[in-house]
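K.L.:
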């Protein structure tokens, strides 16, 4: 599970770095190319990168919540089953 989180975070970092690189290249090329097209490309790239990063972070958050819920259920389930078994054995004894 931790490996999945690490991969998702790395993907998010790579996407942000790629978007930043594209923005830098576009700003450099902007001197030569028509500005309107460049601005549209920058907006699309940054928006796409932001959506991908937010989706990755949302996936990580959801995965963490699922893991926490599973751990809580397992811990609560094991503690309640052990307490119920001990109480039943004391009644039998």
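Residue numbers (this note's numbering): 199 to 291.
Beta carbons: idealized from backbone N, C-alpha and C, even for Gly.
This structure is a prediction, so every number in the text was calculated from the model and none was measured.
Buried or exposed: where does residue 278 fall if 16 or more other Cβ atoms within 10 Å of its Cβ makes it buried?
P.N.:
Your numbering for residue 278 matches position 80 in the chain shown. Result: exposed.
K.L.:
In its own chain, which residues sit with a C-beta less than 8 Å from the C-beta of residue 251, not counting the 5 before and 5 after it?
P.N.:
Position 53 of the chain shown, counted from the start, is the residue given in the question as residue 251. Correct list, in chain order: 210, 213, 214.
K.L.:
Alpha carbon to alpha carbon, how far is residue 263 from residue 202?
P.N.:
The count along the chain shown starts at 1 and reaches residue 263 at position 65. The count along the chain shown starts at 1 and reaches residue 202 at position 4. Their Cα atoms are separated by approximately 14 Å.
K.L.:
Quick check: what's the CA-CA separation for residue 258 versus residue 225?
P.N.:
Position 60 of the chain shown, counted from the first residue, corresponds to residue 258. Position 27 of the chain shown, counted from the first residue, corresponds to residue 225. Approximately 32 Å between the Cα atoms of the pair.
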